[in-house]
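Colleague: The numbers in full-length UniProt numbering rise by one with no breaks, and the one at position 70 of the sequence shown is 70.
Structure in structure tokens, see below.
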Amino acid sequence: MLYYKILELNQIEDFWKLLNTLDAETDYMMYEPNERIQTTNVQELKNDIVNNVICGSDFLQVAMENQKMVGYIRAERGKFNRILHTAYIVVGILKDYRGKGIGTSFFEMLNCWAKKNGIKRLELTVECCNETARYLYEKSGFKIEGTREKSMFVNGSFVDEFYMAKIL
């Protein structure tokens with residue numbers, strides 16, 4: 001049975017494993033396979049979660065099936081006064097769990113958090129070729145605001161991204 005929860009500190013290692021698994025199984029996340037391991041570590045992730053989620057103003061929810069972490073959504077709130085009303089979204093769901101309503105549930109929870117926290121603008125980017133994710137975002141109320149040409153270099157080719165936002 002699927003359920004959603006706030007990430008607990010004792011789950012940081014599981015969250016680290018989820019992030020690395022997502023990096024390896026899809027070309028749509030920021031990190032390439034094993035790149036995260038080369039540039040950061042579990043302790044840095046824990047510090048980030050403590051400082052920015054637990055003691056800060058960011059949003060992070062995980063999806064669980066039994067005791068297995070299968071997806072997450074994070075909203076990083078703007079840090080400066082002029083952008084405190086914005087949040088940048090990152091979402092990842094394991095391949096075997098896509099299409100089961102997890103993304104829709106994540107965005108419903110995100111909307112509740114955003115409204116309670118004075119967020120007026122949610123932002124994200126998505127590779128133009130990632131039609132499944134773009135459909136989820138559009139279904140959740142996001143609109144394409146522009147194209148970031150050649151913004152990523154994936155598997156030897158430049159890839160464009162859509163810049164999407166939702167105004168609450």
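Each residue gets a CB set at the ideal place from its N, CA and C atoms; glycine is no exception.
Which runs of the beta strand (DSSP E) at least 3 residues long sit entirely within the stretch 30-76? Give them in chain order.
Modeller: Entirely contained in the stretch 30-76, the beta strand (DSSP E) runs reaching 3 residues are, in chain order, 59-65.
Colleague: Which residue's Cα is closest to the Cα of K5: G156, Q38, S105?
Modeller: S105
Colleague: What first and last residue would you give for the alpha helix (DSSP H) that runs through F142?
Modeller: Taken as a continuous stretch (DSSP letters only), F142 belongs to no alpha helix (DSSP H), as it is neither H nor E.
Colleague: Check whether the stretch 98-115 touches the stretch 61-77, counting contact only when three or more Cβ pairs, one atom from each stretch, lie closer than 8 Å.
Modeller: Flag = yes, the stretch 98-115 and the stretch 61-77 touch.
Colleague: Does the separation of the CB atoms of L122 and I89 fall below 9 Å?
Modeller: yes
Colleague: Nearest to Y163 by CA position, among F142, N155, S157, G156, is which residue?
Modeller: F142
Colleague: What's the C-alpha gap between W27 and T40?
Modeller: Rather than Trp, the amino acid found at residue 27 in this sequence is Asp. Taking the straight line joining both Cα atoms gives about 19 Å.
Colleague: If I93 sits next to G103, beta carbons under 8 Å apart, how far is it from one beta carbon to the other, in whole angstroms?
Modeller: 6 Å
Colleague: If I measure Cβ to Cβ from R74 and keep anything under 6 Å in the same chain, skipping five residues before and after, which residues do I get?
Modeller: L60, V90
Colleague: Straight-line CA distance for G71 to N81?
Modeller: 31 Å
Colleague: Taking 9 Å as the threshold (C-beta atoms), are E13 and V42 in contact?
Modeller: yes
Colleague: Which residues bound the alpha helix (DSSP H) around I102?
Modeller: 102-116
Colleague: Quick check: what's the CA-CA separation for M29 versus K139?
Modeller: 20 Å
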